[in-house]
Amino acid sequence: MIEVLILKIEDPGCFWVILKGCGSLVDNEVEYRKLHAEMNQFYNQSCRDVDEVMPLTLEEGQVCVVFCQELRCWCRAVIKTIMSCMEHCLVECFLVDYAKYIPVKTRDIRVAVEAFMRLPYRARKFRLYRIKPVTLHINFCEDTAEIVPAKIWDGAAIQYFQKLLRETTQIEAKLCAIEDERFDVYLYVTAQDEKVCVNDELVAKNFACYMSTEENTNNPTNKPSKQSPLSLVDFPEKVISPVLALWPVFLQGKAPQNLKTGHTASNPLLEKNCKNLSTTSFNGHTESTVGVFLGFPFKEHITISGQTDSDLLEIVRKKQLKEMEHDEKSGCVKLLQFLNPDPLKTDHFENEKQAFLKVSAEQHFVVFNKKIEPCSSLETAPLLVNLKKELLWNNFQGPTFTQSYCWPPIARGCDVVVISHHGNDPLLYIPPILTFLQLRGCYKSLPSGNGPTTLIVCPGWKKAQLIFELLKKYGRCSRPLHPLLLLVGLNNEEVKNIKLQQGCEVIVTTPYSLLRLLEHHSLLLLRLCHLVLDEVEVLLSEASKQVFMILEYYRKTIPVAGRESVPRQVVVVGTRWNKHIEHVTREFMNDPYIVITSMEEASVYGNVQQVVHLSLNCDKISVLLRILDYTPSNAQKTLLFTNSVDETEMVYRAVESSAIYCLKIHKEIEYRFKYVEEQWRKKFSPGTHVVLVLTDDCMKYLGITDATCVVHFSFPSSPSVFGIRLQSMSDNFRSGIEKSSLKDDKFTKAKSILLLTERNGCHAAGVLHYLEHTDAKIPPELRDFTAGVLKAKEDMKLARPLCHYLKALGVCKNMRICPDRHQVNLQIDFPPKSSDQITSAVGYVTILPLHIVDATNYFGRIVDKKEDQYAILAVEMDKYFKKASNKVSVEMVKKLSLYGLHEEKVFHRVQVLEVFPKEENGFFYNVTIKYIDEGRTGQVQGHQLFPLPAELQSLPPQAVEFIVCRVKPIDNETEWNPKITRYINQKIKGKLHEARVVLTLGNTVWVDPMVQVTRLPDLKISVNEYNIRSEILSMGMGTDNPEHIKQLQKLCESAKMLPPEKKTLQTSIRDMASLQREPEQDVDSVQSPLLGEKLSENCNFSQTILDQSGPIAKIEVENATQHHHKCFFPEIKWFQKEDTVTMKIKIRNVTDCKCEFLRNRVTFSAFSEDKFYLVDTELYENILTEKSVCEIKNEEPVIILAKEKKESWLKLLKHKNPNVSFDFEHWEDCGNESPFPVGAEKLHHPATLAMEEMEESSDSETESGD
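When we follow numbering that gives the first Met the number 0, the leftmost residue of the sequence shown carries the number 0, and every step to the right adds one.
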């Protein structure tokens, strides 16, 4: 028994102790005090000659001496993690005598002198012998629960273990076995004069279970070769001193295998006392490029590797050996044994590389620029223990291949670029960053105040929302970080009033939102240490300017005083590599780790030249012979891939006949594998060209990586096959990050040549997209061919619904992959038989929104004020189902049939979309339904549906889709933020609104504007309470979309049809007036309550319109935002001749001038000096529309109206307007040409007419003033 003192407890499988008492196995307190005194005296005196004791290199696992600020003394330590920062590297060290992890600056690290290593480490790592953790497993299917073994210790078990050791008066241990540096013990505690075995106590409390000897031996975490049983009674006679057994493995007399010398001991003191420990790891294993790291170096420090975890490789090799035993008759397996009979041999690096590549055809490959030791399992991952538990609780199956390589450098605080097919997964960086944020000591020197240390920038609000939810879920396992989701709009007041929660460490945002915030809170990022760019290829394509502004801002915060020793980390994650990422890596990152697990993107990173040749399938051979290089300047190795044995033979004969040294290999000539491999790996002189024709299945056995050119004679069957082909050139990948790589004249740029024929036409769009991504030269024929392919694909989608984004925004960003239709289909969008309310949806209508999809997309009904057919139907349904005999559940529900449903005291007509089967031992089944009169969907039980008689089914479905035009989400988003959607839902759902129909396609109606109108019948006044578009703009979550209607009109024109907007532009106001006029009133004496919307479509709450006869006297307009324009009626001067009337619009420098003519009406609109002018007038007489024109004379618009009858007009407008007056400059001309009426009628001389108009104008102004 050895008495111990507990230093630190992680769990029953890992706790640190100090040995007490006396004897050969325990510590001598006096010796340790003496050692520490000597050590502190030595390193304090050597501060004058620091360079003599400073290590030249630092590596993980290196033994050294560091200065601990907390203890105020020099301590022995082992380097665990190296983290980059501005001037000094920040190193996390483990104090081997105190069992503490502390951050240390590199200037406080010294070489460990051998004289101070004479005593073993005082802190020993113990674990309880032959017990393992258990957990409660619940089987929900069988409704049972049982206690089963677990991989990690439960929190309750750890707390109980800590309680036992805290309440004891004496702790003793019996040493049973040693594995690496961990000592297996039986632990005994004494409390209240009673001695208890902690191992047995944990088992008795169901926190653990016993592990059998066989199970303990076969446990993969316990390596028998490194575990030696010990007994304090009978030690083996030949064993070294028991004291030495408690030393680290590398100090037990084993000679370490050094990879790097680290430094030259030029100083006599160091030559005598210092030992080079920089290449030995703390766990007793030496870092070996051959034994552990199975990658191989590229030029310019690029490295490619497979799954390099040694344990995993050993498992794969064992599996391969088993397959060999069971399939000895397989030719490929025999050949593999012949080529490499000893796959575990590591004498030569090239042999090891080939053996690795031959292990499995299902291997993953990774390209990186610096050595990375991957974590093969969650147990070995550099994450918090509680975080690992939370990941397991959420059924995390990782780490994935990409995570195993990117987690270690991110967890060390290094700059990292990750490019992967799964690059949009936030778990690539969230777990290691959460782990690093727990090192509070790293952030002590940050400026005081409130600000984030971590900033995650996402391309859109949806991704930001997802990351924020993940941070809240996994952040519970760490110290409180108070993450904040920052999404702000264009409302400056909202941005100014934002205040961060105290202690907010992480902000998740978008580029636009962050820059808006920085305009008002410029000191927000003074404490920023970690910057993450999520989906970087999307960020740099849609908001590159904003992203680079953020990076520049981050770079400027680094030199701030006091930040010299804090971490500085930039993490870039995405699915594609491009030149913008290369610029970010070169200019804003400090010696980054680059991890690329997508070989297609690795070729872009390696600057592989992509070439495409189009040809007919029958001409492929001639095209191939034409593109081969017969006189290369350097030695060239070309792989020519085919998809069959016959094709291989055919191509081989053609190439061989062209005087090029050619080899071939396929599965039917497997006996030639060794010969082909030997020939390929020979060194060739400059000017030699070697071609190897092969099939894809041979690549996994050859392991070629030094090809200079790949020719895809047959089109690759999948992206993974394409990536494997490109991987064969990986030795010649040349990154553009290193400028020196361009000066290597002997380097041959890798080239990939793809032959595209008519048989591969369906892949043309994908090939073009990839070539655009690689900035390759694209043949014009390929663009034309791809355009035809995409047109054919669009034609195949004519039966699909019209694209939602096209309807809502006027454009679809992903037309190439979008499954919906992007063109008008006359049969669907304009069916010959459609509901009355759709065909009558022209001009102004009253709508009732019932289901709000987003801020601009709703489902509802068009309400007919004369006769609301749905109201009549609702009464009939209520009357029908009041009879108990009619309210009977349906026995058998049929798909697509109509039924009745009673919900919240209202009966609805519903259509069944899907019927789900009954659950086991269930009485009811669920059905998915659609409310055909409201547009929403839902799920109910089948017994809730009632039969619907034919007379209640006769009325067509009343649900109509409405879309508000000319507004879109801010920041190039394609979907509306839920904040504005909730606001609009609360404001408009179930309320009547007036709207002007712009376009109708199928069951979708586009409206602009859409307002809620309140009528005051006593005052004969209608008040527009709000405009939906203006409300969205005022909230700051939307922006103007002027191209919306234009794009929809182009669709209609392409279908050779005229949009309803053009048909009803001039008559819409009168149509609306006729719908709303009173029976006793004249049509011309009534105006639409939305007439003001015609004059000012962006009005706010205070716009009022008079319903009295005559013109609108006054319109009060308030702008919703500074981007909106008032509508002005310009000053008009007019005069007439015998056959024409001339209107001079008194505004200058007009833009976007538009003028439309009807027989008795003229409409003019234009912009001038940021003001919008609109004229919509009814003429006194008729005109000839085809001869009327609008011209610009002397920078002013002039409208010339051709009279239908050559006679003098008594006045210009049917209704007087104060802004219209006669032009006296042309009085005499008009007087000479105007005939005088005779008889008793009043003479209408032009002068008299002008005076009358002036008097009417003054009277109108007086009335308005009153």
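C-beta atoms are modelled at their ideal positions from N, C-alpha and C, and glycine is treated no differently. Predicted model, so just to flag it, every value in this text is computed and none were measured.
The criterion of a C-beta distance shorter than 8 Å is not satisfied by Lys131 and Met53.
Our two residues, Lys699 and Glu667, have alpha carbons roughly 16 Å apart in a direct line.
Look at Arg733 here: in three-state DSSP terms it is coil, with no helix or strand label. Asn633 sits close to Pro685, with the two beta carbons spaced by under 8 Å.
By the neighbour-count criterion, in which a residue is buried when 16 or more other Cβ atoms sit within 10 angstroms of its Cβ, Asn1218 is exposed.
Using a Cβ distance threshold of 8 Å, Ala706 and Leu755 do not count as a contacting pair. If you draw a 10 Å sphere on the C-beta of Asp96, you find 16 or more other C-beta atoms in it, and that means buried.
Thr434 sits close to Leu383, with the two beta carbons spaced by under 8 Å. Scanning Val1006, Lys882, Arg652 for the CA closest to the CA of Lys806 turns up Val1006.
Assigned with DSSP and collapsed to three states, Ser719 falls in helix.
Across the structure, Glu37 and Gly502 are spaced so that their CA atoms are roughly 43 Å apart. Non-local C-beta neighbours of Tyr651 in its own chain, meaning closer than 7 Å and more than five positions away in sequence, comprise Cys661, Lys663, Val692, ordered along the chain. If you draw a straight line from the Cα of Asn925 to the Cα of Gln943, it is about 10 Å long. Note that the segment 569-589 touches the segment 530-549; at least 3 beta-carbon pairs, one per stretch, sit closer than 8 Å. If you draw a straight line from the Cα of Glu193 to the Cα of Tyr128, it comes to about 21 Å.
For Lys1170, the secondary structure class from DSSP, reduced to helix, strand or coil, is strand.
Taking 8 Å as the cut-off, the beta carbon of Thr1139 is found no closer than this to the beta carbon of Lys1204.
Leu465 is the residue among Tyr442, Leu465, Gly412, Leu438 whose C-alpha sits nearest the C-alpha of Asn423.
The DSSP assignment places complete beta strand (DSSP E) segments of no fewer than 3 residues inside the segment 567-639 at 568-573, 592-595, 608-613, in order along the chain.
The Cβ-Cβ distance between Phe1156 and Ile1182 falls below 8 Å. Judged by DSSP secondary structure, Glu875 falls within the alpha helix (DSSP H) whose first and last residues are 868-880.
Per DSSP, Leu386 is one residue of the alpha helix (DSSP H) stretching across 384-392. By the criterion of a C-beta distance shorter than 6 Å, Thr1150 is surrounded in its chain by Phe1166, once the five residues flanking it on both sides are discounted. For Asp645, the three-state secondary structure derived from DSSP is helix.
Runs of the alpha helix (DSSP H) lying entirely within the segment 994-1059 and spanning at least 4 residues, in chain order: 1027-1033, 1042-1053.
Below 8 Å, enough C-beta pairs join the segment 958-967 and the segment 1043-1056 to call them touching: three or more.
Glu1206 counts as exposed, since fewer than 16 other C-beta atoms from the protein chains shown sit within 10 angstroms of its C-beta. Straight across, the Cα-Cα distance linking Asp877 with Lys790 is about 51 Å. In the DSSP assignment, Gly859 is bridged to Pro848, Val959. Between Phe1163 and Ile1198 the beta-carbon gap is near 7 Å, inside 8 Å, which marks them as a contact. For Met1142, the three-state secondary structure derived from DSSP is strand. DSSP lists no bridge partner for Phe206. Straight-line measurement puts the Cα of Leu897 at about 19 Å from the Cα of Ala870.
Leu484 is the residue among Leu484, Glu492, Glu493, Val690 whose C-alpha sits nearest the C-alpha of Pro510. Contact annotation: Phe14 and Val133 have beta-carbon atoms that are not nearer than 8 Å.
For Ile151, there is no enclosing alpha helix (DSSP H), as DSSP gives it neither H nor E.
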